[in-house]
Amino acid sequence: MSEDLLYELRDVTKQFTKGKETISVFSGLNMAIERGDFLAIMGPSGSGKTTLLNMLGGVDQPTGGEVHFDGNRVDTLSESQLASWRANNIGFIFQFYNLMPMLNAQRNVELPLLLTKLNGKQRRQNVAAALELVSLSDRAKHMPKEMSGGQQQRVAIARALVSDPKLLLCDEPTGDLDRKTADEILNMLQLLNRDFAKTIVMVTHDPAAAKYAKRTLHLDKGEFVDRDMAA
Amino acid sequence: MKDLFLIFKNLTRKPLRLFLTLFATFIAFMIFATLGSFQQALNAGIELSADDRLVSINKINFTQPLPISYVERIRAVDGVELVTHLNWFGGYFQEPRNQLGMFAVAPESFLQVYPEFLVTDDKREAWINNRQGLIAGEAIAKQYGWQEGQRIPINSNIFSKVDGSTVWDFDVVAIYTGEDAQTDTNSVYFHYEYFNKTQSFGGNNVGFVAIKSVDASQNEAVIEDIDSMFANSPAETETMPEKAFNKAFLDQIGNLGLILTSVVLAAFFVILIIVGNSMILSIRERTAEIGVMKTLGFGSGRIFRMVLAESLLLALIGGALGVLAANLLVAGINQAPIQLPTLVVNGTLWLQALVFMLGLGLITGIVPAVNALRLNIITALSRG
Numbered sequence: 001m002s003e004d005l006l007y008e009l010r011d012v013t014k015q016f017t018k019g020k021e022t023i024s025v026f027s028g029l030n031m032a033i034e035r036g037d038f039l040a041i042m043g044p045s046g047s048g049k050t051t052l053l054n055m056l057g058g059v060d061q062p063t064g065g066e067v068h069f070d071g072n073r074v075d076t077l078s079e080s081q082l083a084s085w086r087a088n089n090i091g092f093i094f095q096f097y098n099l100m101p102m103l104n105a106q107r108n109v110e111l112p113l114l115l116t117k118l119n120g121k122q123r124r125q126n127v128a129a130a131l132e133l134v135s136l137s138d139r140a141k142h143m144p145k146e147m148s149g150g151q152q153q154r155v156a157i158a159r160a161l162v163s164d165p166k167l168l169l170c171d172e173p174t175g176d177l178d179r180k181t182a183d184e185i186l187n188m189l190q191l192l193n194r195d196f197a198k199t200i201v202m203v204t205h206d207p208a209a210a211k212y213a214k215r216t217l218h219l220d221k222g223e224f225v226d227r228d229m230a231a
Numbered sequence: 001m002k003d004l005f006l007i008f009k010n011l012t013r014k015p016l017r018l019f020l021t022l023f024a025t026f027i028a029f030m031i032f033a034t035l036g037s038f039q040q041a042l043n044a045g046i047e048l049s050a051d052d053r054l055v056s057i058n059k060i061n062f063t064q065p066l067p068i069s070y071v072e073r074i075r076a077v078d079g080v081e082l083v084t085h086l087n088w089f090g091g092y093f094q095e096p097r098n099q100l101g102m103f104a105v106a107p108e109s110f111l112q113v114y115p116e117f118l119v120t121d122d123k124r125e126a127w128i129n130n131r132q133g134l135i136a137g138e139a140i141a142k143q144y145g146w147q148e149g150q151r152i153p154i155n156s157n158i159f160s161k162v163d164g165s166t167v168w169d170f171d172v173v174a175i176y177t178g179e180d181a182q183t184d185t186n187s188v189y190f191h192y193e194y195f196n197k198t199q200s201f202g203g204n205n206v207g208f209v210a211i212k213s214v215d216a217s218q219n220e221a222v223i224e225d226i227d228s229m230f231a232n233s234p235a236e237t238e239t240m241p242e243k244a245f246n247k248a249f250l251d252q253i254g255n256l257g258l259i260l261t262s263v264v265l266a267a268f269f270v271i272l273i274i275v276g277n278s279m280i281l282s283i284r285e286r287t288a289e290i291g292v293m294k295t296l297g298f299g300s301g302r303i304f305r306m307v308l309a310e311s312l313l314l315a316l317i318g319g320a321l322g323v324l325a326a327n328l329l330v331a332g333i334n335q336a337p338i339q340l341p342t343l344v345v346n347g348t349l350w351l352q353a354l355v356f357m358l359g360l361g362l363i364t365g366i367v368p369a370v371n372a373l374r375l376n377i378i379t380a381l382s383r384g
């Protein structure tokens, strides 16, 4: 495995059972993601984008094949080991932000740090730095309902970044935003990739959003259709 | 920010729901502690009875008298250390509705057999030396505003004097206190001699004889000796431990324990449904948030504990406030001009309440906590 290789899916299969019917989403999917990559995954509904993102995030397990992350297999981890692995390695950005409504911006960003051994002072410093990075220092005490969609998504980005994960997974991060705000968010992701060498995988329907990525993979019926771009 | 902060934030996110749930729990525990203190006070007469104290009553029933000559004969029985006698007077103060728990007694032996009624040595002497003197418990004295040194008229609804009057004059010689918070201080005791000399009928009789045995282990032999001594006489005796006597007296009112327990259980059952339903709803509304927390790396076990802690905290806060309110309530009841035993929310009640709080918290929290534990991340996020 190359040192630059962060993530590798080898001959991955994924099947769901619906009643008596077995639905196959992937049947032998291969994929490689290098450190510092900014990858957009596009495809029609039902193509398997979200299932792939869930598997990359360790919230769903493949039926067969192997998943290697940073040189270690993750498809064999137990549920509690996966939870710990996610906390240490993955930052999630959702379409609808998914902030905790009862916590202000600062507390929302602090959430992943509760899973670390950092003390209160260290956590506050990291939160301040993350909020600074997304230009929301002045909104630290604001509740989610007091912020616009774009601001909430920036808080969500700060939350995803605060524990310095190796991989950022974005599920339609601009799907709920207007064009101008979407561009701001995408510029921010691009900056994180370019200036902070963050590896990003983004699922999107939006071709304009995909243009911000370094490369785009097209998924259709569980297979990458643009073979040149697939590993 | 620790888990406790998250638990607190989740608890307080809907203030009205929190208030209503807390209020329901509060009411249940206030009822529990108040009725519990009432039940304990009623049982105190039994619980605080001395193990080595026996009571001899007329075998027909306790309203029938015994000849006073029995006192000396009982004193001679082996294993008997002290003997005294008491006679129900049926007294009331000013109005028939102001009934008094009032007994004609032999002061010296009475205070020896009942050392839980506390009077100073000089007051004790003063009472013994004043044939018209009485001692009143501090609760009853407070209720009617009696002061030491005061002369008060008391009527009897059973006895009359030789001159036909039903009014006796008494000197309040001492206000006695109890050695325990739940010792009865609602009663009044006066000289049997004064009563016996002035009453118009049934002289030289007593209501019951109270006996202190040398040791509780000799009770059985003493009981047998006394009852066999008066067997086949016009006034046969039935002797029993004081605990049994007090319990039999209480049982005449009805099974109060069962009534009180039923009320408390009904209150808890309703609260269980209200709080349980509220917790299940609250967690269901947070399905997507729990999914996000699991996605971020919060383990299922940790989320399970947080949900359970939330319901426990709810039960503990509501319950503790309820028991505290019960403290205030019984303090108010104790001050009220009604003759009730002294009510106390004691350590035992607090401990029982704590066990119920933990039980309530666990029962109402276990279902939502297990739901949160089992919640699949993908399902949870798709519901968001």
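Chains as they are written, first to last, in the working numbering: chain A, 1 to 231; chain B, 1 to 384.
We put the beta carbon where it would ideally sit given N, CA and C, even for glycine.
- Identification of residues in the stretch 48 to 79 of chain A having a C-beta nearer than 8 Å to some C-beta of chain B yields N54, G57, V59, D60 and E79, given in sequence order.
- The C-alpha of V59 of chain A is placed about 16 Å away from the C-alpha of E8 of chain A.
- With a threshold of 16 other beta carbon atoms within 10 Å, P101 of chain A falls short and is exposed.
- Under the three-state reduction of DSSP output, W146 of chain B falls in the coil class, being neither helix nor strand.
- In this structure, L6 of chain A keeps its C-beta atom at 9 Å or more from the C-beta atom of I90 of chain A.
- Between the alpha carbons of F38 of chain A and L354 of chain B lies a distance of about 56 Å.
- A Cβ-Cβ contact shorter than 9 Å links Y189 of chain B with P107 of chain B.
- A Cβ-Cβ separation of about 5 Å places H142 of chain A in contact with A105 of chain A under the 8 Å criterion.
- Any Cβ of chain B closer than 9 Å to the Cβ of R194 of chain A would place that residue at the interface, and such an atom is absent.
- Secondary structure at K59 of chain B: coil, using DSSP grouped into helix, strand and coil.
- No Cβ of chain A is located within less than 9 Å of the beta carbon of L4 of chain B.
- Interface annotation for the stretch 295 to 311 of chain B against chain A: T295, L296, G297, F298, G299, S300 and G301, criterion Cβ-Cβ distance under 8 Å.
- Taking the Cα of L313 of chain B as reference, the smallest distance to any Cα among B:S200, B:N205 and B:V275 is reached at B:V275.
- Three or more Cβ pairs closer than 8 Å define a contact, and the stretch 172 to 179 of chain B meets that threshold against the stretch 108 to 119 of chain B.
- Using a Cβ distance threshold of 9 Å, I175 of chain B and G90 of chain B do not count as a contacting pair.
- Distance from the CA of L82 of chain B to the CA of G133 of chain B, rounded to the nearest whole angstrom, comes to 23 Å.
- DSSP places D225 of chain B in the uninterrupted alpha helix (DSSP H) bounded by N219 to M229.
- With a cutoff of 9 Å on beta-carbon distance, S84 of chain A and G299 of chain B are scored as near each other.
- Interface criterion not met: the Cβ of N126 of chain A is under 9 Å from no Cβ in chain B.
- When 8 Å is used as the limit between beta carbons, A105 of chain A is near no residue of chain B, the shortest such separation being about 13 Å.
- Under the three-pair Cβ rule at 8 Å, the stretch 317 to 326 of chain B counts as touching the stretch 30 to 39 of chain B.
- Boundaries of the beta strand (DSSP E) around Q15 of chain A: L5 to K18.
- For the pair Y212 of chain A and L192 of chain A, the CB atoms are not nearer than the 9 Å cut-off.
- A174 of chain B has B:I135 as its beta-bridge partners, per DSSP.
- From the beta-carbon of A288 of chain B, the residues of chain A found nearer than 8 Å are N98.
- In this chain, the alpha helix (DSSP H) harbouring R302 of chain B covers S300 to Q335.
- Taking a beta-carbon distance threshold of 9 Å, R139 of chain A does not count as an interface residue toward chain B.
- Listed in chain order, the non-local C-beta contacts of L18 of chain B below 7 Å within the same chain comprise L11 and T12, local neighbours out to five positions each way being set aside.
- Around the Cβ of P112 of chain A, a 10 Å sphere holds 16 or more other Cβ atoms; the residue is buried.
- For the 9 Å CB-CB criterion, R73 of chain B and S213 of chain B do not form a contact.
- A distance below 9 Å separates the beta carbons of Q150 of chain B and D171 of chain B.
- Among the residues facing chain A, M293 of chain B is included, as its CB has a counterpart in that chain under 9 Å away.
- If you compare the alpha carbons of B:L4, B:L16 and B:D3 with that of S278 of chain B, the shortest gap goes to B:L16.
- Secondary-structure assignment with DSSP links F356 of chain B through no beta bridge to anything.
- Contacts with chain B at 9 Å (Cβ-Cβ) include M102 of chain A.
- Restricting attention to A:I33, A:D195, A:S47 and A:L131, the CA atom closest to the CA of A156 of chain A is found in A:L131.
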